[in-house]
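What follows is one structure encoded as structure tokens, with my remarks underneath.
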Amino acid sequence: MFVLILSLICSLLIALFAVQNASLVTIHLFWITKEVPLVLVILGSTFAGAFIMLLLAIWRGLRQKLKPKQEAKDESLINDQSIQSAKLTTTPSDNGD
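With this note's numbering, letter number 86 in the sequence shown gets 86, and the count goes up by one each step, no holes.
Following this line, the structure appears as structure tokens:
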């Protein structure tokens, strides 16, 4: 609940700041030059940052979800290798009779 309230307060402050800065600015991106309202630049940058953070959170969640499965697979592979190496080292010995 605290995070939701904090998010709403931050969103309100960003919106207030953006509305107060509604003048036109010139944007240069590579060979493109456009005049756009500063409010669009501010809000666009904010949403782009939020979208990137969302993608990073999803990526982190997937990695944490898949990590136990990978560890179990690695552990079973190590166990199989140790069993095979134990079989190779325990060959029947000749008594010499």
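In this text, a Cβ means the ideal position worked out from N, Cα and C, and glycines have one as well.
> What residue does the alpha helix (DSSP H) around I18 start on, and which one ends it?
Replying inline: Residue 18 is actually Ala in this sequence, not Ile. From DSSP, the alpha helix (DSSP H) with A18 extends over 2 to 20.
> Cβ atoms of L24 and L38: under 9 Å apart, would you say?
Replying inline: yes
> How many whole angstroms separate the CB atoms of V19 and I27, which I take to be in contact at a CB cut-off of 8 Å?
Replying inline: Between I27 and V19 the Cβ distance is about 19 Å, and since that is not below 8 Å, they are no contact.
>> According to DSSP, T46 sits in a beta bridge with which residue or residues?
In response: Looking at the DSSP assignment, T46 forms no beta bridge with any residue, so it has no partner.
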